[in-house]
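Note that the sequence shown covers residues 0 to 329 in numbering that gives the first Met the number 0. We treat Cβ as the ideally placed atom computed from N, Cα and C, and that holds for glycine. All values reported here derive from a predicted model rather than from experimental measurement. Read through the structure below, which is laid out as structure tokens, and then see the notes.
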Amino acid sequence: MVKRRSFLEKIGKGAAFSTLALSLPSTLFSQVKLGKATAVKNKIIGIIGAENSHTRGFGKMFNLDKKFPGWEVKYVWGEKEEFAQQAKTEGGIPNIVKDPLEMMGQIDALIVDHRHGDLHLDAALPFVKAGIPTFIDKPFCYSSQAAKIFLEMARAVGTPVTSYSSIAHSYATEDMRRQLAEIKDINQVTCYGKADINSIYGGFFFYGVHMVEPLIYLFDEKIISAKFNKNEKENLNSSASLIFENGRMATLVITTKKYGWQTFVETDEGVVELKSRVKTIEPDKNYVDMVNMFSTGKEPRSHESIIHGIAVLEAIQKSIISGNWESVIA
Numbered sequence: 000m001v002k003r004r005s006f007l008e009k010i011g012k013g014a015a016f017s018t019l020a021l022s023l024p025s026t027l028f029s030q031v032k033l034g035k036a037t038a039v040k041n042k043i044i045g046i047i048g049a050e051n052s053h054t055r056g057f058g059k060m061f062n063l064d065k066k067f068p069g070w071e072v073k074y075v076w077g078e079k080e081e082f083a084q085q086a087k088t089e090g091g092i093p094n095i096v097k098d099p100l101e102m103m104g105q106i107d108a109l110i111v112d113h114r115h116g117d118l119h120l121d122a123a124l125p126f127v128k129a130g131i132p133t134f135i136d137k138p139f140c141y142s143s144q145a146a147k148i149f150l151e152m153a154r155a156v157g158t159p160v161t162s163y164s165s166i167a168h169s170y171a172t173e174d175m176r177r178q179l180a181e182i183k184d185i186n187q188v189t190c191y192g193k194a195d196i197n198s199i200y201g202g203f204f205f206y207g208v209h210m211v212e213p214l215i216y217l218f219d220e221k222i223i224s225a226k227f228n229k230n231e232k233e234n235l236n237s238s239a240s241l242i243f244e245n246g247r248m249a250t251l252v253i254t255t256k257k258y259g260w261q262t263f264v265e266t267d268e269g270v271v272e273l274k275s276r277v278k279t280i281e282p283d284k285n286y287v288d289m290v291n292m293f294s295t296g297k298e299p300r301s302h303e304s305i306i307h308g309i310a311v312l313e314a315i316q317k318s319i320i321s322g323n324w325e326s327v328i329a
């Protein structure tokens, strides 16, 4: 188990990468001409990280279910051999590499999918520098300053990069945002969801991202301060308080008995639960927009939004240690 104070000290140091030498991106999305007809080869995706079930899911979606014709996951690197083998078997991924750099020059897009977000930027760095469009799973990293430096580098070399919570970046959340546009004078927001401040994968960062990022998607105002209210008894019933720049408060309530997320808003009509009115669509917006970015280079989320999300999580994590209100600084 990661000790809380040592984890905080690690956050303060930022990501491990120390230099970001810039290079021109390689040519993307080339077509291959065969004879008189023009045929488009399948675009190849590589995945770094196989501990998550997400990697097996990506393989299944692209290779077995063929939700995105023209794209396939052809390479995977796992933190352990058993993780990579499981991804290969269950996701239909043909090639396991011993070193992620073996994928260089072989792939058209990259997914970085470690369970521990502190490993994400180092893994992505050489590929982003080489011009490979990259999706980085949540959380992007554990340092808003590291996120800012990395994304400035990506912008400088012209490589599209994105990252988001699948709960936030969804057709359901998009519909709830439309509903909020019809509601006036929202006083406060309460979100229920899973998190664990003692998680070995980054404390509150690991699952807390699924409560924080939907708020950033739903409201235009930035969050400026945060305080964690800790229940010392087995991490039960803990909560966090967030203040938006317009004074609105959001309360995050950590649930421990059931996996899932709910959002309530206080209006003139009373407390109302926000529920999506749209039918579940597969593949969801998070996957569609990721593949669209791979194909067109169009990033579905602003770099500023990614950095702000990490800064909010960073403030909450600091408050877990200090017990005080912490400013959100990006």
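Residue burial annotation: residue 109 is buried, with at least 16 other C-beta atoms found within 10 angstroms of its C-beta. If you draw a straight line from the Cα of residue 97 to the Cα of residue 226, it comes to about 43 Å. In the DSSP assignment, residue 323 falls outside any alpha helix (DSSP H), carrying neither H nor E.
Taking C-alpha positions only, residue 240 is separated from residue 250 by approximately 5 Å. The alpha-carbon of residue 134 is positioned some 6 Å away from that of residue 111. By the Cβ neighbour-count rule, residue 105 is exposed, with fewer than 16 other Cβ atoms within 10 Å of its own.
Residue 61: not part of any alpha helix (DSSP H); DSSP gives it neither H nor E.
Within the DSSP secondary-structure output, residue 206 pairs in no beta bridge. With contact defined as three or more Cβ pairs closer than 8 Å, the stretch 81-88 and the stretch 141-148 are not in contact. Within the stretch 209-294, complete beta strand (DSSP E) segments of at least 3 residues are found at 222-228, 238-243, 248-254, 261-266 and 269-273, given in chain order. A residue is called buried once 16 or more other Cβ atoms fall within 10 Å of its Cβ, and residue 285 is buried on that count. In this structure the stretch 39-47 touches the stretch 65-82; the number of beta carbon pairs closer than 8 Å is three or more.
With a contact defined as Cβ atoms closer than 8 Å, residue 282 and residue 66 qualify at about 5 Å. Secondary structure of residue 187 (DSSP, three-state): strand. Contact between residue 61 and residue 116 does not hold, since their C-beta atoms are separated by about 23 Å, which reaches or exceeds 8 Å. According to the DSSP assignment, residue 148 belongs to the alpha helix (DSSP H) that extends over 143-156. Annotation for residue 93: 73 place their beta carbon closer than 7 Å to its own, counting only its chain and skipping 5 residues before and after.
Beta-bridge analysis with DSSP links residue 45 to 74 and 109. The Cβ atoms of residue 188 and residue 266 lie no closer than 8 Å to each other. A Cβ-Cβ contact shorter than 8 Å links residue 260 with residue 209.
In this model, residue 101 and residue 131 are separated by some 14 Å (Cα to Cα). With fewer than three CB-CB distances shorter than 8 Å, the stretch 151-166 does not count as touching the stretch 194-202.
Bridge partners of residue 135 according to DSSP: 111.
Bridge partners of residue 95 according to DSSP: 75. Residue burial is scored here from C-beta neighbours: residue 138 has at least 16 other C-beta atoms within 10 angstroms and is therefore classed as buried.
In this structure, the straight-line span from the alpha carbon of residue 178 to that of residue 223 is close to 24 Å. Looking at the backbone, the Cα of residue 124 and that of residue 268 are separated by about 49 Å.
DSSP places residue 200 outside any alpha helix (DSSP H), giving it a letter other than H or E. In the three-state scheme derived from DSSP, where H, G and I count as helix and E and B as strand, residue 128 is classed as helix.
Relative to the Cα of residue 165, the nearest Cα in the group 173, 264 and 143 belongs to 173.
In the three-state reduction of the DSSP assignment, residue 160 falls in the strand class, which pools E and B. A Cβ-Cβ distance of about 7 Å is found for the pair residue 168 and residue 288, placing them in contact under the 8 Å criterion.
Under DSSP, residue 193 takes part in a beta bridge, and its partners are 254. Remark: C-beta atoms of residue 88 and residue 127 do not approach each other more closely than 8 Å.
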